[in-house]
Amino acid sequence: MDETKKKEQSSTHKIGIYLWIWGLLFVLSFFSYMVDWYQFQGMLRWSLILIFMFLKAGLIMAFFMHLFWERYALVNVLLWPMTAIACFIFLMVAEFKYTLFTRLLYFFVGG
Amino acid sequence: MSDPKIEGYQFKPGFKGMAADTGSDQTMFKGVHWGKAMMWIFLLSDTFVFSCFLISYMKGRGSTPVEWPNPSEVFALDAFGVPVPLLLIAIMTFVLITSSGTMALAVKYGYERNKKMCGWLVLATALGGLTFVGMQAFEWSKLIHEGVRPWENPFGAAQFGSFFFMITGFHGTHVTIGVIFLFIYAYKVFAGHYDGEGKRGWFTTMRGDYVEIEILGLYWHFVDLVWVFIFAFFYLW
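Line by line, the protein sequences give chains C and Z. Taken in order, the first sequence gives residues 3 to 113; the numbers are from the numbering used here. Taken in order, the second sequence gives residues 285 to 521; the numbers are from the numbering used here.
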């Protein structure tokens with residue numbers, strides 16, 4: 003029991019790191035709200051949304067969910083399947099463009 | 285958290301440890317609590333569920349020739365007579381991040397065996413989640429009053445309603461389940477189920493351990509994580 007206690011204690015981290023991440027998440031959320039507040043449009047809007055989103059997601063996963071300190075086997079098991087999602091996104095982007103094209107063609111231009 | 289049953293096992297860090305883990309016999313994540321490994325596997329599958337929702341939303345929104353409703357107008361809220369865009373959504377986001385932070389601290393104090401701090405922080409997390417669900421119920425009823433239905437809405441493309449109710453509803457369900465478990469675990473912490481003094485939990489003969497708070501925390505942070513993506517893609521895009 004003593005040994006497990008010692009190991010558990012070594013896996014906790016200083017409170018400062020959590021407060022820092024917490025503060026950063028607030029700031030990033032505020033920034034992403036400001037993107038809408040100032041009504042940025044086009045590529046600027048989309049890239050800012052994506053940057054803040056990925057930063058927030060990364061901070062939550064790395065520090066709140068402890069992935070930064072986890073063993074590599076777990077990190078890899080979790081992150082590699084995300085490439086399948088990325089592939090799916092690319093497939094569906096091609097798909098919705100084609101659907102939109104056919105709808106515009108048949109609804110408005112007339113086949 | 286090293287499992288005392290596995291004798292002679294030594295965890296190695298880095299890629300060597302990864303090779304040792306993936307090549308090891310019988311179990312892959314030696315020394316990791318089974319509940320924690322299973323929670324990660326569940327969260328991975330849940331990631332796919334939410335990804336499918338968001339990807340179908342992308343496909344639906346991208347393929348309609350009708351104009352999509354402007355979310356910053358649809359979700360605007362009147363504050364002192366002035367419509368503020370996304371006001372409720374912004375508050376919901378901050379509430380959820382606050383509860384995520386208290387959960388992270390609860391996990392930390394749990395591992396330090398600080399029963400009081402851990403219990404109060406889990407309770408605070410539960411209250412934050414409850415606030416979030418309440419605001420979501422308010423948002424839903426407001427939109428339903430304005431005539432938003434899964435098959436039509438007065439703002440634009442008809443698909444908007446079905447994606448909105450599906451995605452936020454599924455996320456809200458996750459939050460609700462999380463809140464229920466947070467209340468149960470707050471009770472368990474205060475009742476001393478994790479202090480190893482011989483007390484047992486409900487329906488089990490196993491002694492509890494504070495690792496259960498970390499597992500609950502993983503679920504709760506995941507709910508927050510999903511909201512980050514919903515906030516970006518559904519409300520801001």
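Glycine residues also receive a C-beta, built at the ideal position from the N, C-alpha and C atoms.
| Asked | Found |
| --- | --- |
| For C:Leu75, return the contacting residues in chain Z, with the cut-off set at a CB-CB distance below 8 Å. | The identity of residue 75 of chain C in the sequence shown is Ala, whereas the question assumes Leu. Per Cβ cutoff of 8 Å: Gly301, Met302, Asp305, Thr306, Met312, Phe313. |
| Going by beta carbon distance, what residues of the same chain come within less than 7 Å of C:Phe103, once the five residues before and after it are set aside? | none |
| Between which two residues does the alpha helix (DSSP H) harbouring C:Leu69 extend? | Premise fails: C:Leu69 is in no alpha helix (DSSP H) and is neither H nor E. |
| Who are the Cβ neighbours of C:Leu69 in its own chain at under 8 Å, not counting the five residues just before and after it? | Met63, Leu76, Val77, Leu80 |
| Distance cutoff 8 Å, beta carbons only. Does Z:Thr415 sit that close to anything in chain C? | no |
| Comparing the C-beta of Z:Trp318 with each C-beta of chain C, is any distance below 8 Å? | no |
| Is it the case that the Cβ atoms of Z:Asp351 and Z:Gly440 are separated by a distance below 8 Å? | Reading the sequence as shown, one finds Glu at residue 351 of chain Z and not Asp. Going by C-beta atoms, Z:Glu351 is nearer than 8 Å to Z:Gly440. |
| Taking 8 Å as the cut-off, does the region 406–425 of chain Z touch the region 454–466 of chain Z (at least 3 CB pairs, one atom from each stretch)? | yes |
| With respect to the beta strand (DSSP E) encompassing Z:Val368, which residues constitute its N-terminal and C-terminal limits? | 366–368 |
| With 8 Å set as the bound, which would you pick, yes or no: does the beta-carbon of C:Thr101 sit closer than that to a beta-carbon of chain Z? | yes |
| Pull up the distance between the alpha-carbon of C:Trp82 and that of Z:Ile325, whole angstroms please. | 13 Å |
| Should Z:Val333 be labelled buried (16 or more other beta-carbon atoms within 10 Å of its own) or exposed? | exposed |
| Near Z:Phe295, what residues of its chain come up, given a Cβ to Cβ distance below 8 Å and the 5 sequence neighbours on each side ignored? | Ser286, Gly301, Lys314, Gly315 |
| At 4 residues or longer, and completely inside the region 327–391 of chain Z: list those alpha helix (DSSP H) runs for me, N to C. | 355–358 |
| Rounding to the nearest angstrom, what Cα-Cα distance links Z:Thr489 and Z:Gly456 in this structure? | 33 Å |
| According to DSSP, simplified to helix, strand and coil, what is Z:Arg491? | strand |
| Reducing DSSP to helix, strand and coil, say where C:Glu5 ends up. | Its pLDDT being 46, under 50, C:Glu5 is placed unreliably in this model, and the value from its coordinates should be taken loosely. Helix at C:Glu5. |
| Which residues in chain C have a C-beta closer than 8 Å to the C-beta of Z:Lys392? List them in chain order. | Thr14, His15, Ile17, Tyr20 |
| Using 10 angstroms around the beta-carbon of Z:Phe506, count the other beta-carbons present and answer buried if the total reaches 16, otherwise exposed. | buried |
| DSSP state of Z:Arg433, grouped into three classes? | coil |
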